[in-house]
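One structure is given below, encoded as structure tokens.
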Amino acid sequence: MSIKAEEISALIKKQLADYKDELSVDEVGTVTYVGDGIARANGLDNALSGELVEFQNGVFGMAQNLESTDVGIVVLGDYKGIREGDTVKRTGRIMEVPVGDALIGRVVNPLGQPIDGLGEIKTDKTRPVERKAPGVMERQSVSEPLQTGIKAIDALVPIGRGQRELIIGDRKTGKTSLAIDTILNQKDQDMICIYVAIGQKESTVREQVETLRKFGAMDYTIVVSAGPSEPAPMLYIAPYAGAAMGEEFMFNGKHVLIVYDDLTKQADAYRELSLILRRPPGREAYPGDVFYLHSRLLERAAKLSDELGGGSMTALPFIETKAGDVSAYIPTNVISITDGQIFLDSDKFYAGVRPAIDAGTSVSRVGGDAQIKAMKKVAGTLRLDLASYAELESFTQFGSDLDEATQAKLNRGRRTIEVLKQPLHKPLPVEKQVVILYALTHGFLDSVVIDDITKFQDGLFDYFDNNHKDLLDEIKKTGQLPDTAKLDAAIKDYADTFQASNK
Ligand SMILES: Nc1ncnc2c1ncn2[C@@H]1O[C@H](COP(=O)(O)OP(=O)(O)O)[C@@H](O)[C@H]1O
Ligand SMILES: [Mg+2]
1 MSIKAEEISA LIKKQLADYK DELSVDEVGT VTYVGDGIAR ANGLDNALSG
51 ELVEFQNGVF GMAQNLESTD VGIVVLGDYK GIREGDTVKR TGRIMEVPVG
101 DALIGRVVNP LGQPIDGLGE IKTDKTRPVE RKAPGVMERQ SVSEPLQTGI
151 KAIDALVPIG RGQRELIIGD RKTGKTSLAI DTILNQKDQD MICIYVAIGQ
201 KESTVREQVE TLRKFGAMDY TIVVSAGPSE PAPMLYIAPY AGAAMGEEFM
251 FNGKHVLIVY DDLTKQADAY RELSLILRRP PGREAYPGDV FYLHSRLLER
301 AAKLSDELGG GSMTALPFIE TKAGDVSAYI PTNVISITDG QIFLDSDKFY
351 AGVRPAIDAG TSVSRVGGDA QIKAMKKVAG TLRLDLASYA ELESFTQFGS
401 DLDEATQAKL NRGRRTIEVL KQPLHKPLPV EKQVVILYAL THGFLDSVVI
451 DDITKFQDGL FDYFDNNHKD LLDEIKKTGQ LPDTAKLDAA IKDYADTFQA
501 SNK
């Protein structure tokens with residue numbers, strides 16, 4: 001048997017090449033410190049930032065701080081089973097979560113593991129939790145509405161598919177309720193919803209899941225929850241995990257609504273783990289890259305170009321303020337990253353104006369392009385009506401004789417506020433919103449007593465359901481306002497009988 005020198009050298013070269021490869025993947029380090037959800041290890045010289053590492057006992061971690069002598073690792077799971085001196089292995093992968101249809105209807109933790117007791121989730125698809133956001137060429141501008149079913153939002157601060165709209169307000173101002181009701185309204189709207197609960201009490205999340213289930217919304221919803229008792233790293237990665245699950249659908253041409261409830265708690269978790277990792281604290285003790293924490297997350301919301309299937313992911317990040325202070329560090333950061341904000345005001349909330357949306361400070365910078373034509377027409381003057389009402393109201397408090405025009409403006413303003421109130425779990429289809437707002441802006445409610453407005457409204461919807469389904473269907477199908485003569489006649493018929501029966 002003859003052996004060729006070249007063959008041998010080729011073999012040796014190949015072995016050497018493979019050997020190196022194996023070494024870099026399987027590189028093993030030693031834990032030198034563990035506590036508070038983080039660990040330090042040395043020997044992981046080639047670890048990459050964000051890389052998944054595996055501890056001796058099978059718990060995973062994510063490499064965060066790469067220093068000259070050691071690596072700071074956030075532990076994804078229970079850190080109490082890890083000891084100093086344990087080995088920790090590189091995996092060569094970055095963290096991934098299971099994705100796909102199998103997750104729909106389930107409640108999972110940020111690792112994608114079920115926490116609803118409904119058994120295993122069978123999917124072989126995974127996606128990295130962190131991913132670069134789609135670039136400029138991969139996107140197109142927002143052009144389709146995302147109907148929240150909430151009059152005050154759809155009329156005044158409309159949201160488009162692919163948009164990022166911040167919902168901001170103090171605790172107990174109805175933020176979470178807005179999210180739940182918006183999800184309820186996505187039934188039959190060809191939308192997959194992901195509700196990411198960050199640091200929310202498990203009992204609260206459970207209640208919300210029950211509500212979603214009761215209204216049939218779990219058929220198209222995934223809930224990702226990292227409770228307050230979970231280690232900080234789990235709260236930190238929860239929104240990225242949710243985004244990864246959403247991207248799977250978006251890149252397959254579907255439409256996704258993702259709610260991050262709330263990013264204040266995520267920022268706090270990130271601050272906690274950064275401080276333990278001994279990163280230098282900056283303003284309000286947050287690390288210097290806390291802006292990037294939220295910007296890289298929210299940039300992943302997109303309306304994809306037609307070449308990429310035209311899917312979308314709409315993000316509703318939540319921020320909880322203290323005493324309405326929107327100028328604190330985290331709120332101003334997130335305001336600057338999003339395409340607008342919906343501000344919930346606790347004074348309004350306690351005065352019974354619910355949802356407590358403050359029309360003066362709430363804006364949507366892109367959604368207007370996505371509003372259906374009919375809604376655009378009827379909602380056009382609403383914002384002005386509300387603004388001039390607010391102005392007049394503060395004047396007229398001091399009482400004095402009011403001229404007729406002022407009185408009329410006050411009347412209209414009061415009725416506008418009344419019409420925009422909405423009870424919990426009663427999202428309203430856009431065609432009905434158009435009808436009531438048309439009635440309002442064309443003066444049909446001016447002579448209705450304020451206390452009767454809810455009754456008038458409910459009756460009007462029943463009347464249209466029973467007698468003018470064609471008009472409702474027309475708005476729904478064409479997006480246009482029907483023949484106004486017909487609309488006027490129908491509303492007048494109803495208003496006359498309403499007034500007669502209320503005499
Ligand atoms: N439109 C509404 N009508 C009546 N009650 C509401 C409305 N929105 C919220 N609530 C009630 O207000 C409370 C606080 O709401 P929640 O959504 O939990 O606020 P947040 O998430 O801002 O803390 C809840 O008990 C909820 O039932
Ligand atoms: Mg809440």
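One point on numbering: in UniProt numbering, the residue at position 232 of the sequence shown is 232, and numbering is uninterrupted.
We treat Cβ as the ideally placed atom computed from N, Cα and C, and that holds for glycine.
In this text the structure is predicted, and so the values were computed from the model without any measurement.
Linking S229 to G50 through their CA atoms gives a straight-line distance of about 23 Å.
Out of K377, T338 and I372, the CA that lies nearest to the CA of S362 is found in T338. Straight through space, the alpha carbons of L184 and G216 are spaced by roughly 8 Å. From the listed residues V75, E404, K4 and I3, the smallest Cα separation to V31 is found for V75. Judged by DSSP in its simplified three-state form, M375 adopts helix. Segment contact: the segment 158-165 against the segment 330-344, three or more CB-CB distances shorter than 8 Å; contact assigned. The way I'd put it, the segment 481-500 does touch the segment 434-449; three or more beta-carbon pairs between them come closer than 8 Å. Here M62 is bridged, per DSSP, to L52 and V74. Non-local C-beta neighbours of G149 in its own chain, meaning closer than 6 Å and more than five positions away in sequence, comprise N185, P427 and L428, ordered along the chain. If you look at L316, you'll find it in the beta strand (DSSP E) that goes S312 to E320. Considered as a whole, the segment 241-309 harbours 255-261 as its complete beta strand (DSSP E) runs of no fewer than 3 residues, in chain order. When C-alpha distances from Q56 are compared across S274, P355, R83 and I73, the shortest belongs to R83. A heavy atom of ligand 2 is found nearer than 7 Å to the CB of D261. Nearest to E138 by alpha-carbon distance, out of I153, G85 and K303, is K303.
For L402, the shortest C-beta to heavy atom distance toward ligand 1 is 7 Å or greater. For S346, the enclosing alpha helix (DSSP H) starts and ends at S346 to Y350.
In the DSSP assignment, Y438 forms no beta bridge with any residue.
Around the C-beta of P280, fewer than 16 other C-beta atoms lie within 10 Å, and the residue is accordingly described as exposed.
At a cut-off of 3 residues, the continuous stretches assigned as beta strand (DSSP E) that sit fully inside the segment 183-225 are 192-198. If the five residues before and after A197 are omitted, its C-beta is found closer than 6 Å to the C-beta atoms of V205, S225 and D261, all from its own chain and listed in chain order.
Per DSSP, E96 is not a residue of any alpha helix (DSSP H); the beta strand (DSSP E) it occupies stretches across E96 to P98.
When distances are taken from the beta-carbon of K172 to the heavy atoms of ligand 1, the shortest one is below 7 Å. Going by DSSP, R40 is part of the beta strand (DSSP E) stretching over I38 to N42. Relative to ligand 1, the beta carbon of K303 is positioned no closer than 7 Å to any heavy atom.
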